[in-house]
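Student: If you're matching positions, the first sequence starts at 3 in the working numbering and goes up one per residue. Built from N, CA and C at the ideal position, the CB exists for glycine as well.
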Amino acid sequence: MENQSNDKKVFLLDALALIFRAYYALIRNPRITSKGKNTNAQFGFINTLLDLINNQKPTHMAVCFDTQAPTERHTEFTDYKANRQEAPEDLLAAIPDIKKLIRGFNIPVLEVDGYEADDVIGTLSKKGAAAGYEVFMVTPDKDYGQLVDGNIKIYKPGYQGGDAEILGAKEVCEKWNIKEVHQVIDILGLMGDAVDNIPGIAGVGEKTAAKLLAEYGTLENVLENADKIKGALGEKVRNGKNSAILSKKLATIITNVPIEFHEEDFRLKEWNRDLLKEVFIELEFKTVAKRILGEELSIVPGAVPQGVQTDLFGNAVEGKSKAEPKTPKAEVAEETGDTDRAEDGDIVHAGKNIQNTAHQYRTIQEEAAIKNLVKELLEEKEICFDTETTGIDANDVELVGMSFSFKPGEAYYIPCPADQEATRAILKQFEPVFNRKDVLWIGQNLKYDMLVLKWYGYELFGETFDTMLAHYVIEPDGKRSMDMLSARFLGYEPVHIEELIGKKGKNQLNMRDVAIDKISDYAAEDADITLQLKQVLSPLIKSKEVEKVFHEVENPLAKVLMEMEYEGVKVDQDFLHEYSKELEREAAKAEDSVYEQAGVKFNLASPKQLGEVLFEKLKLDPKARKTKTGQYATGEDVLMKLAHENKIVEDILAFRELTKLKSTYVDSLPELINRKTGRVHTSYAQAVAVTGRLSSNNPNLQNIPIRTERGREIRKAFVPRDSNRVLISADYSQIELRIVAGISGDPAMCDAFKKGIDIHTATAAKVYGVEESAVTKEQRYKAKSVNFGIIYGQGAFGLADNLGISRTEAKEIIDNYKKQFAGIDTYMESTKAFARENGYVQTLMGRKRWLRDINSSNFTVRGFAERNAINSPIQGTAADMIKLAMIKVYHEFRKHKFESRMILQVHDELVFDAVKEEVETIKPIILDCMRSALPLPNEVPVEAEIGSGINWLEAH
DNA sequence: GCGCGCACGC
DNA sequence: GACGTACGTGCGCGCA
Numbered sequence: 003m004e005n006q007s008n009d010k011k012v013f014l015l016d017a018l019a020l021i022f023r024a025y026y027a028l029i030r031n032p033r034i035t036s037k038g039k040n041t042n043a044q045f046g047f048i049n050t051l052l053d054l055i056n057n058q059k060p061t062h063m064a065v066c067f068d069t070q071a072p073t074e075r076h077t078e079f080t081d082y083k084a085n086r087q088e089a090p091e092d093l094l095a096a097i098p099d100i101k102k103l104i105r106g107f108n109i110p111v112l113e114v115d116g117y118e119a120d121d122v123i124g125t126l127s128k129k130g131a132a133a134g135y136e137v138f139m140v141t142p143d144k145d146y147g148q149l150v151d152g153n154i155k156i157y158k159p160g161y162q163g164g165d166a167e168i169l170g171a172k173e174v175c176e177k178w179n180i181k182e183v184h185q186v187i188d189i190l191g192l193m194g195d196a197v198d199n200i201p202g203i204a205g206v207g208e209k210t211a212a213k214l215l216a217e218y219g220t221l222e223n224v225l226e227n228a229d230k231i232k233g234a235l236g237e238k239v240r241n242g243k244n245s246a247i248l249s250k251k252l253a254t255i256i257t258n259v260p261i262e263f264h265e266e267d268f269r270l271k272e273w274n275r276d277l278l279k280e281v282f283i284e285l286e287f288k289t290v291a292k293r294i295l296g297e298e299l300s301i302v303p304g305a306v307p308q309g310v311q312t313d314l315f316g317n318a319v320e321g322k323s324k325a326e327p328k329t330p331k332a333e334v335a336e337e338t339g340d341t342d343r344a345e346d347g348d349i350v351h352a353g354k355n356i357q358n359t360a361h362q363y364r365t366i367q368e369e370a371a372i373k374n375l376v377k378e379l380l381e382e383k384e385i386c387f388d389t390e391t392t393g394i395d396a397n398d399v400e401l402v403g404m405s406f407s408f409k410p411g412e413a414y415y416i417p418c419p420a421d422q423e424a425t426r427a428i429l430k431q432f433e434p435v436f437n438r439k440d441v442l443w444i445g446q447n448l449k450y451d452m453l454v455l456k457w458y459g460y461e462l463f464g465e466t467f468d469t470m471l472a473h474y475v476i477e478p479d480g481k482r483s484m485d486m487l488s489a490r491f492l493g494y495e496p497v498h499i500e501e502l503i504g505k506k507g508k509n510q511l512n513m514r515d516v517a518i519d520k521i522s523d524y525a526a527e528d529a530d531i532t533l534q535l536k537q538v539l540s541p542l543i544k545s546k547e548v549e550k551v552f553h554e555v556e557n558p559l560a561k562v563l564m565e566m567e568y569e570g571v572k573v574d575q576d577f578l579h580e581y582s583k584e585l586e587r588e589a590a591k592a593e594d595s596v597y598e599q600a601g602v603k604f605n606l607a608s609p610k611q612l613g614e615v616l617f618e619k620l621k622l623d624p625k626a627r628k629t630k631t632g633q634y635a636t637g638e639d640v641l642m643k644l645a646h647e648n649k650i651v652e653d654i655l656a657f658r659e660l661t662k663l664k665s666t667y668v669d670s671l672p673e674l675i676n677r678k679t680g681r682v683h684t685s686y687a688q689a690v691a692v693t694g695r696l697s698s699n700n701p702n703l704q705n706i707p708i709r710t711e712r713g714r715e716i717r718k719a720f721v722p723r724d725s726n727r728v729l730i731s732a733d734y735s736q737i738e739l740r741i742v743a744g745i746s747g748d749p750a751m752c753d754a755f756k757k758g759i760d761i762h763t764a765t766a767a768k769v770y771g772v773e774e775s776a777v778t779k780e781q782r783y784k785a786k787s788v789n790f791g792i793i794y795g796q797g798a799f800g801l802a803d804n805l806g807i808s809r810t811e812a813k814e815i816i817d818n819y820k821k822q823f824a825g826i827d828t829y830m831e832s833t834k835a836f837a838r839e840n841g842y843v844q845t846l847m848g849r850k851r852w853l854r855d856i857n858s859s860n861f862t863v864r865g866f867a868e869r870n871a872i873n874s875p876i877q878g879t880a881a882d883m884i885k886l887a888m889i890k891v892y893h894e895f896r897k898h899k900f901e902s903r904m905i906l907q908v909h910d911e912l913v914f915d916a917v918k919e920e921v922e923t924i925k926p927i928i929l930d931c932m933r934s935a936l937p938l939p940n941e942v943p944v945e946a947e948i949g950s951g952i953n954w955l956e957a958h
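#1: If you draw a straight line from the alpha carbon of Phe-895 to that of Ile-927, how long is it in whole angstroms?
#2: With three or more beta-carbon pairs closer than 8 Å as the criterion, would you say the segment 873-891 touches the segment 692-702?
#3: Kindly list the residues whose CB is nearer than 7 Å to the CB of Leu-622, restricted to its own chain and excluding five residues on each side of it in sequence; keep chain order.
#4: Check whether the segment 618-635 touches the segment 574-584, counting contact only when three or more Cβ pairs, one atom from each stretch, lie closer than 8 Å.
#5: Using alpha carbons as the reference points, say which of Ala-413, Phe-387, Gly-403 lies closest to Lys-449.
#6: Let me make sure I understand the geometry here. Which of Asn-397, Ile-416, Phe-268 has the alpha-carbon closest to that of Leu-459?
#7: In whole angstroms, give me the CA-to-CA distance for Leu-671 and Pro-701.
#8: Whose CA, out of His-898, Glu-738, Ala-812, Thr-923, lies closest to the CA of Glu-911?
#9: Hey, Asp-485 and Glu-477: beta-carbon distance below 8 Å or not?
#10: Please list the segments of the beta strand (DSSP E) lying wholly inside the segment 722-779, counting only runs of 3 or more residues, in order along the chain.
#11: Please go through the same chain and pick out, in chain order, the residues whose beta-carbon is closer than 6 Å to the beta-carbon of Ala-743, but skip the five residues on each side of it.
#12: Taking the beta strand (DSSP E) that Glu-465 belongs to, which residues open and close that run?
#13: In this structure, does DSSP put Lys-409 in helix, strand or coil?
#14: For the alpha helix (DSSP H) that contains Gly-878, what are its first and last residues?
#15: Measuring CB to CB, does Tyr-414 end up less than 8 Å from Ile-444?
#16: Is the beta carbon of Arg-903 less than 8 Å from the beta carbon of Ser-874?
#17: Roughly how many angstroms separate the alpha carbons of Asn-258 and Thr-125, rounded to a whole number?
#18: Which residue wins for smallest C-alpha separation from Leu-938, given the options Asn-274, Ile-741, Lys-583?
#19: Between the C-alpha atoms of Glu-956 and Ala-689, what's the straight-line distance to the nearest angstrom?
#20: When you compare only the Cα positions, how much space is there between Ser-522 and Gly-393?
#21: Using a threshold of 8 Å, state whether the C-beta atoms of Leu-502 and Val-454 are closer than that.
#22: Buried or exposed: Asn-447, going by 16 or more other Cβ atoms within 10 Å of its Cβ?
#23: With distances taken between CB atoms, is the gap from Gly-613 to Gln-633 smaller than 8 Å?
#24: Assuming Phe-914 and Leu-729 form a contact by the criterion Cβ under 8 Å, report the distance between their Cβ atoms to the nearest whole angstrom.
#25: What are the boundary residues of the alpha helix (DSSP H) that includes Arg-838?
#26: Terminal residues of the continuous beta strand (DSSP E) containing Lys-572?
#27: Applying the 10 Å Cβ sphere with the 16-neighbour rule, what's the burial state of Phe-107?
#28: Could you tell me the alpha carbon to alpha carbon distance between Lys-813 and Ile-793, rounded to whole angstroms?
#29: Hey, Gly-848 and Gly-747: beta-carbon distance below 8 Å or not?
#30: Between the segment 713-731 and the segment 864-873, are three or more C-beta pairs nearer than 8 Å?
#31: Let me know if Glu-715 comes out buried or exposed under the rule of 16 or more other beta-carbons within 10 Å of its beta-carbon.
#32: For Lys-505, which of helix, strand or coil comes out of DSSP?
#33: Please name the residue in Asp-930, Ile-708, Lys-786 whose C-alpha comes closest to that of His-958.
#34: Is it right to say His-683 is buried, meaning 16 or more other beta carbons lie within 10 angstroms of its own, or is it exposed?
#35: Tell me which residue opens and which closes the beta strand (DSSP E) that Gln-362 is part of.
#36: What does the alpha-carbon distance come out to for the pair Arg-809 and Leu-511?
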């Protein structure tokens, strides 16, 4: 389309279709109850219009308004389903506003009674092209049909002009490269439910329909010969006759519309600014009005009003505009006057460009030179330290070199030879430096470097400033590789590691294989950059007011985590081996049973194939849900709904569970056992989860099964390292709810915790207005779900889904909950208000999460931000608390010189590999550390439970 | 190599 | 049918 000159284009907008789409987007979401002015109908229309004007700069345009709105055809459509008959009323309500907008923008209107925009373009295909114009039609999906040589040419979804026939859906899909049948409907300018009716017969899928059409030629022939069609199919065809005819009528484009093409009728004129202003005020489009009218934006490219960069359905439109879109971040900064953002921007420019700055990187190998360096390092107050190693698993690498930097632009690299004795000798010379207590160690992900050192027997005693963690507390979302941080905060792109060792893959080199002078430059630069990053990030830590969580939580924790990773946990290989065989047998049994019942062999592990078998071959559910990629959804929730009627589903679920357990846990764990220690050493990611939680990988020990009988067995494989030890597990009880109670100060909930009443029972008693002793199991279960939902900021919809109850009932429960626990409702509202005001929310330790979308005018985006606003302080405070507890436990253990070790953290649980004689001594210490780590407001008590046993399952 | 669907934890 | 459902990691499939 690029080669089309603008003055040869005419754009047609089907206003009614646009409103229709917006309207359905509205009513499909039950949470949208607003019937106010500022609805999606108007908004969607203006978005599409502005998008078009800004991107395509048409000189000629017309709105094709289906004037008999709803026209005969639209009326028929809404009759398809009785419950949608309310549609036209609201639709009509929006029309006057749309008309005002059209007048404001001074767009020519084509009013042709009783015809669709489709018909108009169909007709113009015969008449308009002669005038030398290309006619484009903007459909609700913003796909274009182009008029070429009197025919409408289809780009992406489009429609066939002229005397359009209804094609078999399959044929249409093939012809226009469309995956989903419902898109055909969009193409034809119709809406949703007619999906089932292409070619108009309910219950006849596209494949069957195509077959029928191929056999009889036309739809009319199919219907005429309906009696000859055998069985259920014939029945369906006969029953669906009327809707088939209607479908065809709906989709047929009329090409004899009484309209003539006159160039001047389509030419765009000046906007009527006064009228626009009036309409915008009326519709409360304040932001749009300000941007369109307050500034000279008009239709100049590069001046796309950012406030309307969402599509018809309220989704953010990315990269559609030729103008460089501002990031949402920038937008927030602008709207809230967030000076910190501006500060960030300044830093990029204020930062030194290392490339242009004289630097001195030196490789230190001679003993005398090392002595000199050590002497110097003993004097410095702050030292940046970095290691180069042979791999990324710190528990299984050799040191290749170390770099130090203490002055920007200067750095030293000390190569360490493959001969480990020689490397040890070099390290020995640095021992006094490592042992310094009066030094601040600076590094990027120091946990890694400390772990490498630990394997060589050294420890860093000084305090630490980890640039990765600094960035984590400054900006918990977003990426933070060193290259990225350098580019962003120093304005410099460092040498990328792939330039040394090649792209990742089987041919990637080992650091050991790279020439020393090459590594030296790279490694020294890393230390230099990290040092400079510290200078930049340090003031940001202060200005963002996150010193507390940074200095008191994250930095000290890194060392604790390092030690836990170093210790590892022993797994019982024999047990897993046996269990693997058992799982294998059972999985095979379930698999065979599925094939037998399905009557066909396929790959059961493939959701795609399974979906086809279940819903096409076995036809278990004629209304099977599909995923966004067009596959049948076969998730657990979907299958469970079919479970009571079909034994095959049971077997499928069993197969899923068994193979999941086998592949993810039983068979993988032994492969991650470290050769040196015979244990698995997980790695904790300290700067990944936006809420402040840790995450665990290689292996992930935070998702070991516990829910099901068979899954739970796996916990038996986690054992103490020798027979003189046991495992201890200590976990917080209802910690997140206690935090909710504490920070909201809700008297009812605080009281329940203070009295030590089971919180879900207490909740049920309140919500259902009964005595605690009279609460039924079901009431407690429902109350538990509500409590759970509160923590996640979930609404009635999610609750209903979770409990399998109606949304009405869910809403009732929630309303009652809010009444009984008014403090919680207030907390949720005030948290959202705080977020709107400040652009962030925070935990008790001052850990912040910035919510740039909290003031978004898009309800979906804003809703997401609002849920985060509620959830993050809760989840984050729980994360702060256990992190503080871990630091406390670690220091207590060191102080008492216990040999027992903390080895795992699973969000609200700590696991210890404990020496038997110490068990009774350390249990109260652990509990005390956990309870006192972070006292909650309003005297809400913090409780923890503890147990021990010969494996993790028993300890729990 | 990557996106997706699915499933495990808290 | 499409919209949404806290925070994570990892597996196998299917496609490029």
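Tutor: Once the coordinates are examined:
#1: 9 Å
#2: yes
#3: Leu-616, Leu-644, Asn-648
#4: no
#5: Phe-387
#6: Checking the sequence, you will find Gly at residue 459 rather than Leu. Residue Asn-397 is the option with its Cα nearest to Gly-459.
#7: 7 Å
#8: Glu-738
#9: no
#10: 727-734
#11: Met-751, Cys-752, Phe-755, Val-942
#12: 465-468
#13: strand
#14: 861-897
#15: no
#16: no
#17: 6 Å
#18: Ile-741
#19: 32 Å
#20: 17 Å
#21: no
#22: buried
#23: yes
#24: 7 Å
#25: 824-840
#26: 571-573
#27: buried
#28: 17 Å
#29: no
#30: no
#31: buried
#32: coil
#33: Ile-708
#34: buried
#35: 362-365
#36: 58 Å
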